[in-house]
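Read through the structure below, which is laid out as structure tokens, and then see the notes.
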Amino acid sequence: MTALTPAQLDALSELGNIGASHAATSLSQMLMGQIEMTVPSVEIVDLADIYKHVTDEVSALAIFEMQGEIEKGGYVIFLMPLHSAIRMTNTMLGMTDEDREINEMDESALNEIGNIMVSAFLDATAELLGIVMLPSPPVLVVDMGHAAIQQLLVEVACDVNEVVFFHTKLVCDQYAINGDLLMLPEINTLSQILEMMDKLLNAHC
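Residue numbers are given in UniProt numbering: position 82 of the sequence shown equals residue 82, and the series is strictly consecutive.
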């Protein structure tokens with residue numbers, strides 16, 4: 001597993017907080033209400049241990065492929081437990097019933113929320129590293145979280161060994177909404193990102 005230096009971990013945390021700030025601004029404008037978002041922690045975990053971090057609780061997963069200057073960069077997933085996802089779409093759609101089935105309007109709203117979140121994080125990464133990183137159109141999956149991620153990796157046969165977790169906390173109006181942004185970089189992508197970060201950190205020393 002890739003061992004991060006304290007400086008690299010700080011840089012990833014800074015990237016996460018920049019992305020969260022951008023996402024909060026965009027979501028606040030879309031929902032016409034104040035959204036606050038923080039990234040309390042960032043960690044890299046081995047793909048084999050992902051079950052310890054993503055349970056089989058039913059969740060909504062907005063899945064994006066990383067595109068841009070880093071070819072076949074891997075995937076970014078915005079994952080919210082289903083009850084958090086419904087709270088979020090209720091806020092967006094002006095609804096209050098939390099004990100309901102997810103519908104097409106929810107799915108459309110979650111795709112838009114996921115797109116804002118992932119675009120903000122990739123913009124932050126691109127801005128920090130001076131490269132172009134863009135998300136593909138989203139694919140929304142409502143399923144057991146761990147099982148859905150495993151299925152994705154089987155289907156795409158992507159060479160992923162590690163997952164970067166940006167643990168996010170969103171607060172909108174009276175609700176606290178938990179979600180995680182998962183970056184599943186292809187092996188070479190993670191090496192490239194860390195190499196760029198090192199150059200950036202050394203330039204500021």
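Glycine included, every Cβ here is placed at the ideal spot set by N, Cα and C.
Bear in mind the structure is a predicted one, so any value in this text is a computation, not a measurement.
Rounded Cβ spacing between residue i and residue j (contact assumed at less than 8 Å)
i, j, result
"F165", "H22", "Not quite, the Cβ-Cβ distance comes to about 19 Å (not below 8 Å), so this is no contact."
"G73", "T189", "4 Å"
"L47", "M92", "Not confirmed; about 32 Å, so no contact."
"A7", "L152", "Incorrect: roughly 31 Å between the Cβ atoms, too far for contact."
"A62", "L110", "6 Å"
"S136", "E65", "4 Å"
"D159", "I177", "Their Cβ separation, rounded to whole angstroms, is 33 Å, which puts D159 and I177 out of contact at 8 Å."
"A148", "V141", "5 Å"
N-terminal and C-terminal residue of the beta strand (DSSP E) that residue i is part of
i, result
"Q67", "58-68"
Other residues of its chain near residue i: CB distance less than 8 Å, five sequence neighbours each side excluded
i, result
"L9", "V42"
"T38", "N17, A20, T168, K169"
"I86", "E98, R100, I102, D106"
"Q192", "I70"
Beta-ladder partner(s) of residue i, from DSSP
i, result
"M183", "V76, V164"
"L134", "Q67"
"S41", "H167"
"I177", "L170"
"I35", "C172"
"residue 207", "Residue 207 falls outside the range modelled here, since the chain spans only 1 to 205, and no answer is possible."
N- and C-terminal bounds of the alpha helix (DSSP H) containing residue i
i, result
"E107", "104-129"
"D10", "6-31"
"L140", "Segment 139-144 is the beta strand (DSSP E) holding L140; no alpha helix (DSSP H) there."
"M88", "82-93"
Own chain partners of residue i with C-beta closer than 7 Å, once the 5 adjacent residues on each side are dropped
i, result
"P40", "H167, K169"
"M117", "A23, F78, L181"
"A124", "L15, I18, G19, H22"
"Y51", "H146"
"T55", "G145, H146"
Neighbourhood of residue i by C-beta distance below 6 Å, restricted to the same chain and skipping five residues each side
i, result
"D106", "T89"
"N115", "P138"
"L129", "M196"
"G68", "V132, M133, L134"
"S13", "V42"
"N81", "Residue 81 is actually Pro in this sequence, not Asn. So the list reads E57, S59, once near-sequence residues are dropped."
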